[in-house]
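Engineer: Below you will find the structure I want to go over with you.
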Amino acid sequence: MKKRTMERNFRKIKHQIDQMENIVKHTKNNALWDHEAAVRKKL
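This is the structure in structure tokens:
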């Protein structure tokens, strides 16, 4: 059960990283800093 939970969490984090990479490609610098701050608050 713990292994499944870890795998699910890993997939979630990987998906979030993919989303961030996509955002970085299409965003200006100030917006990136705002996004980073929002992500850090979630962690």
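Just so you know, the sequence shown maps onto residues -13 to 29 in this note's numbering.
Glycine is no exception: its CB is placed at the ideal position from the N, C-alpha and C atoms.
Could you give the distance in angstroms between the alpha-carbon of Met(-8) and the alpha-carbon of Ile(-1)?
Structural biologist: For Met(-8) and Ile(-1), the distance between alpha carbons rounds to 10 Å.
Engineer: Considering Thr(-9), what are the terminal residues of the alpha helix (DSSP H) in which it resides?
Structural biologist: Note, Thr(-9): alpha helix (DSSP H), -12 to 11.
Engineer: I need the DSSP call for Lys14, collapsed to helix, strand or coil.
Structural biologist: In this structure, Lys14 counts as coil in the three-state DSSP scheme.
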